[in-house]
Ligand SMILES: Nc1ncnc2c1ncn2[C@@H]1O[C@H](COP(=O)(O)OP(=O)(O)OP(=O)(O)O)[C@@H](O)[C@H]1O
Ligand SMILES: Nc1ncnc2c1ncn2[C@@H]1O[C@H](COP(=O)(O)OP(=O)(O)OP(=O)(O)O)[C@@H](O)[C@H]1O
Ligand SMILES: [Mg+2]
Ligand SMILES: [Mg+2]
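Residue numbers (UniProt numbering), protein chains in the order written: chain Z, 1 to 287; chain G, 1 to 304.
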């Protein structure tokens, strides 16, 4: 399927503060490919290198060793790396802390203005992006970001990236701290955006249910190394291995594993509550 | 507000698998909130009524979970528990002390430790270990005791391996663990945590939950946990549900999670086991209400 990967990483190593007492080898020998238009997840325990990895995808970080191509650009080349921010949007972990403009409008307009669009185009993009994030431009445009609730601030931060119409959108824990409804709404909006605009999505998450629900393929990091890669269903069928890494499988899959351990003949590769209901219903009707 | 008392059997169809906590054995009230109203920026631009007429009692040794949608007033409420915010109207009494009296602030903060929602706000020093020691050193304890407490807090939060890093160079989850460690080291009688696991990996979240349960059971620490994870809330003695600045529901977890209509109305989720049980009931299988943990669901299904 990866004839033409939009992101290709070859033997990537990254070191923070090299040559100082705080030197940390945060990534080591990572190779992977992400296909155009897919919904890709990066999971791994605390400090495993997820944020470090995805910050290479838009050129914020440069590899110490290895190669990365993104949208055809070789990011070890400084010139090519410099232009990447226009094509690859990155929403940081806790992005609401980076809302620094006076109004929501100015915050979302920051990217498009830097891209050199005229006022009308900037306005059109800001309004569209706010709408795509489920916000009403007329009511929120003039509001100072700090007056909004956590969930709304998160949406404004994502709108700021959407307004640049990126080819790849990287979301680092986009839903952490959102309530269950806000989480679902945000992921629905992101998925609509992916389907309508053909954008490639890279999601970093600690929420296994969320990864199960939305993504096609996953990479699993452990202490800076890539330890698993595969379809979401394949990876989530390896409960024992994931647990050993400080991770887990989604709750419905945990349930099936427990039933299996209790001697019930059930599938363990379920991803959602609905699939679990289906499988248990089958079990109950057989007996 | 709907209020359920924790009387009678938790559920007559289920064995308890130890996933729920034993109820606290003390009836002494530790925090009393009476008709609390909080208005931000009163009389100024951006005036906002974040809490309206909230009343509740938290008993000594209780494990309380606070849930509710974004913006419902959870953080505003718990910031009253150590006098970081004071009531616009009504009163909050902590360990017998009125939070409005400035002379009590120091004593109240010694008893009630808060882990804030944003871990960056809690970082005060340039070395991780110093950061954990900061609060403890101000308690006037002998140096060995300070060291012991810092060690224990580091090991409980799994941070021993990165102890000599500068905090601003930590990953998101490491910072969040650090915020927890600093407050644990203070050994407060009451521990308040505002979404402490929003950035933790699954193992980290489970370990933190076990630590809280242990401190609550054997250490008699009063624990107040604000969370969006319903599985974690289900392990508390009592849950309070906030919506639009009001307390809309309170009671033991099995009673609260049985209020489907109300929870649906404010878009609150159920724990996965309860959600799956509900799906099975809709398909016509007689699965009882009140199943909140995966273990309870497994044992029910295996007994049929
Ligand atoms: N600026 C930095 N300088 C030095 N070390 C750093 C820096 N940023 C991160 N690190 C370290 O690099 C490692 C990987 O960090 P990274 O932030 O990529 O982890 P992560 O997988 O995103 O973790 P989390 O799930 O907690 O967000 C960690 O050990 C972290 O402490
Ligand atoms: N400093 C402030 N000034 C004005 N309004 C505020 C301030 N802090 C919070 N608010 C508002 O008060 C309401 C309650 O906020 P609070 O932070 O208590 O909610 P919460 O339940 O903790 O939400 P979350 O789940 O997002 O953390 C929100 O509508 C919020 O926008
Ligand atoms: Mg990270
Ligand atoms: Mg809050």
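Backbone N, C-alpha and C fix where the C-beta goes; we use that ideal spot for every residue, glycine too. Values in this document were obtained by computation on a predicted structure and should not be read as measured data.
- If only uninterrupted beta strand (DSSP E) runs of at least 3 residues are considered, those enclosed by the region 47-84 of chain G are 48-59 and 63-67.
- Using a Cβ-Cβ cut-off of 7 Å, residue 252/G does not count as an interface residue toward chain Z, since no Cβ of chain Z sits closer than that to its own.
- When Cβ pairs closer than 8 Å are counted between the two stretches, the region 186-201 of chain G is seen to touch the region 171-179 of chain Z, the count reaching three or more.
- By the neighbour-count criterion, in which a residue is buried when 16 or more other Cβ atoms sit within 10 angstroms of its Cβ, residue 26/Z is buried.
- If only complete runs of 4 or more residues are kept, the region 87-153 of chain G shows the alpha helix (DSSP H) at 105-111 and 128-137, in order along the chain.
- Residue 285/G belongs to the set of residues whose beta carbon lies under 7 Å from a beta carbon in chain Z.
- Between residue 155/Z and residue 133/Z, the C-beta spacing is below 7 Å.
- The alpha-carbon separation between residue 101/Z and residue 119/Z amounts to approximately 17 Å.
- The closest heavy atom of ligand 4 lies less than 6 Å from the beta carbon of residue 75/G.
- If one requires a minimum length of 4 residues, the alpha helix (DSSP H) runs lying completely within the region 119-150 of chain Z are 119-132 and 137-140, in chain order.
- Looking at the DSSP output, residue 228/G shares a beta bridge with no other residue.
- Look at residue 125/G: its C-beta is not under 7 Å from any C-beta on chain Z.
- Taking the C-beta atoms as reference points, residue 126/Z is found nearer than 7 Å to residue 108/Z.
- Residue 128/G is positioned such that its CB atom lies closer than 7 Å to that of residue 163/G.
- Looking from the CA of residue 243/Z, the closest CA among 146/G, 235/G, 206/G and 29/G belongs to 206/G.
- Excluding its 5 nearest sequence neighbours in each direction, residue 52/G has C-beta neighbours in its own chain below 7 Å: 37, 245 and 246, listed in chain order.
- Residues of chain Z with a Cβ closer than 9 Å to the Cβ of residue 199/G are, in chain order, 46, 93, 94, 173, 176, 177 and 206.
- Taking a Cβ-Cβ cut-off of 9 Å, the neighbours of residue 166/G in chain Z comprise 22, given in sequence order.
- In this structure, residue 174/G lies away from residue 165/Z, with their beta-carbon atoms at least 7 Å apart.
- In this structure, 111/G is the residue among 42/G, 111/G, 151/G and 180/G with its C-alpha nearest to the C-alpha of residue 94/G.
- At least one C-beta of chain G is nearer than 7 Å to the C-beta of residue 150/Z.
- Taking a C-beta distance under 7 Å as the contact criterion, residue 227/G and residue 61/G do not qualify as a contact pair.
- Taking C-beta atoms under 8 Å as the contact rule, residue 105/Z and residue 141/Z qualify, at a distance of about 4 Å.
- Collapsing the DSSP output to three states places residue 295/G in a helix.
- Taken in chain order, the complete alpha helix (DSSP H) segments of 4 or more residues contained in the region 222-256 of chain Z are 232-235 and 239-244.
- DSSP places residue 246/G within a strand segment (E or B) once states are collapsed to three.
- Secondary structure in the region 174-209 of chain G: no alpha helix (DSSP H) run of 4 residues or longer lies completely within the stretch.
- Secondary structure note for residue 196/Z: it is in no beta strand (DSSP E), and the uninterrupted alpha helix (DSSP H) holding it is 180-197.
- For the region 34-68 of chain Z, the set of positions with a beta-carbon nearer than 9 Å to some beta-carbon of chain G reads 43, 44, 45, 46, 47, 48, 49, 50, 51 and 52 in chain order.
- Straight through space, the alpha carbons of residue 268/G and residue 251/Z are spaced by roughly 17 Å.
- Judged by DSSP secondary structure, residue 212/Z falls within the alpha helix (DSSP H) whose first and last residues are 208-214.
- According to the DSSP secondary-structure assignment, residue 85/Z is paired through a beta bridge with no residue.
- Listed in chain order, the non-local C-beta contacts of residue 80/G below 6 Å within the same chain comprise 92, local neighbours out to five positions each way being set aside.
- Taking residue 264/Z as the centre and dropping the five residues before and after it, the same chain places the C-beta of 283 closer than 7 Å to its C-beta, in chain order.
- The continuous stretches of alpha helix (DSSP H) do not include residue 171/Z, which lies in the beta strand (DSSP E) extending over residues 168-172.
- CA-CA distance, residue 53/Z to residue 140/G, rounds to 44 Å.
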